[in-house]
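Protein chains in written order, with numbering that gives the first Met the number 0: chain A, 0 to 445; chain B, 0 to 445.
First comes the structure, then the notes that go with it.
Protein chains: 2
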Amino acid sequence: MERLVVVGGGAAGMSAASVAKRREPSLDVVVLEAGDHISFSACGIPYWIGGTVEGSSERLVVRSAKEARERGLEVRMRTRAVDVDPDAHEITVETEEGTEMLEYGTLCLAPGVEAVNPFDPLDGVHTIRHLDDGIRLRDALAADPPEHACVVGGGFVGVEMAEAFVEQGWSTTLVHSRETLLNDIVAPSLGETVNERVRAAGVDLVLGQRAEELEGRDQVEAVRTGEERVEADLVLLAIGARPRNDLAKQAGCELGPAGAVTVDDGMRTGVPDVFACGDCVAFEHRITGEPTFLPLALHANRSGRIAGENVVGGDERFPGVLGTAATKFEDLEVAATGLDVEQARETGFEPATETITSVTRAGYFPGSSEVDVRLVVDQGSQRVLGAQLVGGPGTAKRVDTVAAAIWMGATASDLEAMDLAYAPPFGPTWDPVAIAGRLSGRAARR
Amino acid sequence: MERLVVVGGGAAGMSAASVAKRREPSLDVVVLEAGDHISFSACGIPYWIGGTVEGSSERLVVRSAKEARERGLEVRMRTRAVDVDPDAHEITVETEEGTEMLEYGTLCLAPGVEAVNPFDPLDGVHTIRHLDDGIRLRDALAADPPEHACVVGGGFVGVEMAEAFVEQGWSTTLVHSRETLLNDIVAPSLGETVNERVRAAGVDLVLGQRAEELEGRDQVEAVRTGEERVEADLVLLAIGARPRNDLAKQAGCELGPAGAVTVDDGMRTGVPDVFACGDCVAFEHRITGEPTFLPLALHANRSGRIAGENVVGGDERFPGVLGTAATKFEDLEVAATGLDVEQARETGFEPATETITSVTRAGYFPGSSEVDVRLVVDQGSQRVLGAQLVGGPGTAKRVDTVAAAIWMGATASDLEAMDLAYAPPFGPTWDPVAIAGRLSGRAARR
Chain A
0 MERLVVVGGG AAGMSAASVA KRREPSLDVV VLEAGDHISF SACGIPYWIG
50 GTVEGSSERL VVRSAKEARE RGLEVRMRTR AVDVDPDAHE ITVETEEGTE
100 MLEYGTLCLA PGVEAVNPFD PLDGVHTIRH LDDGIRLRDA LAADPPEHAC
150 VVGGGFVGVE MAEAFVEQGW STTLVHSRET LLNDIVAPSL GETVNERVRA
200 AGVDLVLGQR AEELEGRDQV EAVRTGEERV EADLVLLAIG ARPRNDLAKQ
250 AGCELGPAGA VTVDDGMRTG VPDVFACGDC VAFEHRITGE PTFLPLALHA
300 NRSGRIAGEN VVGGDERFPG VLGTAATKFE DLEVAATGLD VEQARETGFE
350 PATETITSVT RAGYFPGSSE VDVRLVVDQG SQRVLGAQLV GGPGTAKRVD
400 TVAAAIWMGA TASDLEAMDL AYAPPFGPTW DPVAIAGRLS GRAARR
Chain B
0 MERLVVVGGG AAGMSAASVA KRREPSLDVV VLEAGDHISF SACGIPYWIG
50 GTVEGSSERL VVRSAKEARE RGLEVRMRTR AVDVDPDAHE ITVETEEGTE
100 MLEYGTLCLA PGVEAVNPFD PLDGVHTIRH LDDGIRLRDA LAADPPEHAC
150 VVGGGFVGVE MAEAFVEQGW STTLVHSRET LLNDIVAPSL GETVNERVRA
200 AGVDLVLGQR AEELEGRDQV EAVRTGEERV EADLVLLAIG ARPRNDLAKQ
250 AGCELGPAGA VTVDDGMRTG VPDVFACGDC VAFEHRITGE PTFLPLALHA
300 NRSGRIAGEN VVGGDERFPG VLGTAATKFE DLEVAATGLD VEQARETGFE
350 PATETITSVT RAGYFPGSSE VDVRLVVDQG SQRVLGAQLV GGPGTAKRVD
400 TVAAAIWMGA TASDLEAMDL AYAPPFGPTW DPVAIAGRLS GRAARR
């Protein structure tokens, strides 16, 4: 049966569907989307809620269902895939009108992730993993600005939403289980800089405490940690995401870390004619070789494309991930790639690390600001294993230089030796990344 | 005789002197500087003249003679080395007081470059290769702002100085021998974008014409090309720099391209006990393997450091250059690395090229602007050979990602596969560099 059914109309699902259709125009391609939007930028939601991105939610939509249909895809909105029979090649879908069976030749699972929310439902409690959630939150904020907003979670989304809230002038508390923000990507020494900036912007930080309970009858009134009660009439939960794996489980797919779907480098699940891609799958880490749950836009996109090629007989391979990531709080930029010391040690390396402080532009050039670069280097091979950067404008994308170097197996000396661009508006003569290469190499040879 | 004599107190000379003294504190180190300043940022001069960098010329001085003396270096200002006898290990120096002989154990030549100026001296004609020149120009401009300024040369310095002049509101013409600006680093298709921006800022462009004559008796009155007469009471010549190689010639050193001093990768000239480093030497190109005259700050710095190590018995090696460079005009950023098509062909590659247009931030994020990336890829090996970028803020330092990739021998597919950072304030999901990798790889496989 020449039909491809794609479950999920996000970046991965739409990439897979579009690529397959483009390569094989005769293929019947059906996309099932449970929500109201396809192909939106989840990463843009905090900036849209904070008002940095102006206009309607359509601004965040990369491609509308209408456009997708014009390219020959059948897109069914508000349609949930609830059951699958991989032997019969049948999938059960549910809409407002009822239940229907759909045959497929190939199935591609790209349902993405859902925000973690361990609490009972209460009014005023939000997550923003999906655009529909974002719209709900923005409508709620417009109708009734909070007296006290509380963000739970100090990762990307939490930090970005705290910025969005204080930019609106709202009293905002951020509760985070660890002592420093963004601890998934930067070590505590660099995270301290983030803490300081977030605090200076007026966000009340409650650190090292886990949110254990949400108080309120219908409407949320407070967040309780073990030690504190944070009054809040609006709570934004940003404590992580987990793969939507129900259908994959039913199909008999193997699951990996955090319940992410296990796939080979061609996005095949191992179940005949069932592919999976996007945020719901585990990607191979380029350094550790381990499957890794890393729901980030680039990988979702890339894996969707690869799935689309391979569904129609291609042989594209997913090249792996380094965990490169970036964000900002006001004009403080934070980025990381590869492994930190602990992960490196667990992988069997003997990591050395060094943090250097340099500047983003020539010291005398207006707008020059400090940047810290922490590099992790293997003492045996001198290979660069990871980098973390925190600093002013011009910091974040410098991580790409290190990511490219790590990708190609560079040593600390290579990083020092590279011919990187210099001009006063863009950096000091020796780029911070090259300085970090020199000093971390020295530390690794000690 | 345990004395190191360094000729030239610029970045290279001072690096060599400082490193040698630090490694070997008993070494007697004498630096001879012909001008009034050591260790200044030549690249900062246009920004200081334009007023972007405020304050006195001291802002551009990295280290003063006083500081250098405190570290144990003997620094002699306004002291010109005029003759050398390599057999006797003697150098003749000239000061206002007269002539003196100086014995050396090791000689390190780092006199740098001088601005090319084929014209007879006239008042109102300036170059800015040295801080002393820059101070002279700034003083002249402050005393008597020009009616019509004319910049001759459309390379880095010319474009940067044209910006400096129009920022002050002065009527400015730029005369350039080629049809597009910055043609040393970007192809005409990208140079057109630079032309447009420079013209839009109010600079009158006279392109494809060489300045052949300067008119005037004592004071300059006009620049004459073959076809036009550009009235000007101030002329800034920015038509290149040439190595100061008199002493090297006298010492019997071999000279390479453009008269740059030939050195091995340890900065040895081949004449016993004579090293050379900095802008005056030719560096090995990492891709072509050819000696290359490339007077840029990073290489000057690096080669000085290496000379300093090796003077006292070290074995540091210069790792080569890619020709990475960057500049900006207002907020248009321009950068390049590696080879363009013609150079690649001359080197024996079969280059393919592709130019893509993308954005510097997510399309919906404020401040997102266009960026063009031109990539050159070898059809045989698929190796990336070069890149050129022109675009809005956030463009220039993206060249480092490609420079790192080229440095490590990456193919176009590697560039596409790399895990580069994505967040809406910093780029689209697929970085422009990765998109260029994909499409140029495709072009190279055709």
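Idealized CB from N, CA, C, for every residue including glycine.
In this text, all values refer to a predicted model and were calculated from it rather than measured experimentally.
Proximity of chain A to G43/B at the Cβ level (cut-off 8 Å) is accounted for by A361, Y363, F364, P423, in chain order. Close partners of G393/A in chain B (Cβ separation under 8 Å): K396.
Shown in chain order are the members of the stretch 409 to 435 of chain A whose Cβ falls below 9 Å from a Cβ of chain B: A409, S412, D413, L414, E415, A416, M417, D418, L419, A420, Y421, A422, P423, P424, F425, G426, T428, W429, D430, V432, A433. For R58/B, the C-beta contacts it makes with chain A under 7 Å involve Y363, in order along the chain.
With 16 or more other CB atoms across the displayed protein chains lying within 10 angstroms of its CB, K327/B is buried. Contact between the stretch 397 to 409 of chain A and the stretch 396 to 412 of chain B is present, with at least three C-beta pairs closer than 8 Å.
Just so you know, the alpha carbons of V229/B and T171/B end up roughly 10 Å apart. When 9 Å is used as the limit between beta carbons, A334/B is near these residues of chain A: A420, A422, F425, in chain order. DSSP, read as helix, strand or coil, puts D138/B in helix. A403/A belongs to the set of residues whose beta carbon lies under 8 Å from a beta carbon in chain B. For P350/A, the beta-bridge partners assigned by DSSP are D377/A. A buried status is given to E159/B, since no fewer than 16 other beta-carbon atoms sit within 10 Å of its beta-carbon.
Counted as a single uninterrupted DSSP element, the stretch harbouring P45/B is not any beta strand (DSSP E) but the alpha helix (DSSP H) occupying residues 44 to 48. Residue environment analysis places E332/B among the buried positions, since at least 16 neighbouring C-beta atoms fall within 10 angstroms of its C-beta. When the five nearest sequence neighbours on each side are left out, the beta carbons in the same chain lying within less than 6 Å of the beta carbon of A343/A are those of P350, V375, L384, in order along the chain. Annotation: E102/B to L321/A spans about 56 Å, alpha carbon to alpha carbon. Look at the beta carbons and you see the stretch 305 to 312 of chain B not touching the stretch 153 to 167 of chain B: under three pairs across the two are nearer than 8 Å. In the three-state reduction of the DSSP assignment, L59/B falls in the helix class. In this structure, DSSP gives A386/A an extended state, which the three-state scheme calls strand.
From the beta-carbon of V52/B, the residues of chain A found nearer than 9 Å are A361, Y363, F364, P365, P423. Within 10 angstroms of the beta-carbon of E195/B lie fewer than 16 other beta-carbons, which makes it exposed. Against chain A, the beta carbon of Y46/B has neighbours under 7 Å at F364, P423, listed in chain order. If only uninterrupted beta strand (DSSP E) runs of at least 3 residues are considered, those enclosed by the stretch 270 to 331 of chain B are 273 to 275, 324 to 328.
Close to chain A, meaning a Cβ-Cβ distance shorter than 9 Å, is no residue of the stretch 257 to 268 of chain B at all. By the rule that beta-carbons nearer than 8 Å mark a contact, A163/A does not touch chain B. Taken atom to atom, the span from the alpha-carbon of S302/A to that of F317/A is near 7 Å. Taking 8 Å as the cut-off, the Cβ atoms of A41/A and R177/A do not count as close.
Against chain A, the CB of D377/B has no partner CB under 8 Å away; the residue lies outside that interface. Going by C-alpha positions, G49/A is about 36 Å away from G50/B. In summary, no residue of the stretch 169 to 201 of chain B has a CB separated from any CB of chain A by less than 7 Å. Between L419/B and the set G207/A, A386/A, G34/A, V83/A, the nearest pair of CA atoms involves A386/A. 8 Å or more divides the Cβ of G239/A from the Cβ of G111/A.
Per DSSP, the unbroken alpha helix (DSSP H) holding A402/A starts and ends at 398 to 406. Neighbourhood of V320/A in chain B, by CB distance below 9 Å: D418, in chain order. At least 8 Å separates the beta-carbon of V92/B from that of A109/B. In this structure, V273/B sits away from V124/B, with a CB-CB distance that is not shorter than 8 Å.
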